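A quick write-up on the structure given underneath.
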Amino acid sequence: MDPDTAALALVQSLDWGTVRLHALDAGRVRLDGGAMFGVVPKPLWERKIPADERNRIPLSLRCLLLETPTARILVETGIGNKEDAKFRDIYGVDNEPSPGTPYLDRLHEALSQLGLRAEDIDIVVNTHLHFDHAGGNTVRDAEGQVRVAFPRARYVVQRGEWDWAHRPNERTQASYLPANFDPVAAAGQLELVDGERELVPGVVLWPTPGHTPHHQSVLVRAGDRVACFVGDLIPTAAHLPLPWIMAYDLEPLRTLETKRAVLARAATEGWLLVFPHDPVRAWGVLHVDGQTLLDTEAQR
């Protein structure tokens, strides 16, 4: 399937009994291919995801909705609807809802396909606070005001990531946009955590540093099945090889070691990996070889 022209379903779902997993298409962006693959030569990475005339590759903005017996948990919120035309052109943002629909963006349209509204979300998790993962935490309403997108939810992020986002430097400031997260704190909906934390039975926040120093992933357990929303530790399936690490990563050698540990465990236990940016594949079960992805029915 051509990743540039692949038409993604708004919602892809798995029912694991005690938890239902829904991969939500919140749109697409285009980022520089060289930056996405770091030291990997272009002739290698372009076989996986071809670049356009501006050397940008298409990437999904994928969120994960977990429906558990006690809470609906939304992992990531995409880019949202607040950015101007220049921003949208630079990053090739395509997250508009279907023509003629009332939704603020594609994420909210995806939720509507499940019969849900923003008010139905209990918890929002950000793996980190970059604009392509936390931009939809807030929205610009019809009056032009920025407000919290999910009014009943508590938003959960690592305390270290929150502090990092508020102390940006020349390298990081373009990724951390305060309008995406400061209104959450002002509304009293922010919850900061330190390290590993069980959100609800079977759903665990798991520190996976490297992309940012306080990046976190989300582990989901249902019986003998395990899923991991890996976040930007492994943004696409093409990033499964250990040295395929983004130039965007602030601590690439730490990414390497975190990734080594995660993939070893995932391969041994047959985890379902959920990728935030793969332009075609939402998820796949990692084979014991640590490199091959199987379909979702193959999980041990």
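Residues in the sequence shown are numbered from 6 upward in steps of one, following the working numbering. Positions of the beta carbon are idealized from the N, C-alpha and C atoms, including for glycine. As the structure is a prediction and not an experimental result, all values here were calculated from the model.
Residue ranges of uninterrupted alpha helix (DSSP H) with 4 or more members, entirely inside the region 167-197 and ordered along the chain, are 187-191. Inter-residue distance for Q194 and N142 is about 11 Å (C-alpha atoms, whole angstroms). Linking I62 to G105 through their CA atoms gives a straight-line distance of about 29 Å. In summary, N185 is buried, with 16 or more beta-carbon neighbours lying within 10 Å of its beta-carbon over all protein chains present. Rounded to the nearest whole angstrom, the CA to CA distance from Q178 to G38 is 21 Å. The Cβ atoms of V279 and L69 lie closer than 8 Å to each other. Out of R164, Q150, Y160, R67, the CA that lies nearest to the CA of L116 is found in R67. Counting every other CB atom within 10 Å of its CB across the protein chains shown gives V44 a total below 16, marking it as exposed. Sequence-distant Cβ neighbours of I126 in its own chain, meaning closer than 6 Å and more than five residues away, are R77, L79, F155, A158. Rounded to the nearest angstrom, the gap between the Cα atoms of D20 and L26 is 6 Å.
Per DSSP, the beta bridge partners of V209 are E203, L224. Here the alpha carbon of I250 sits roughly 9 Å from the alpha carbon of H216.
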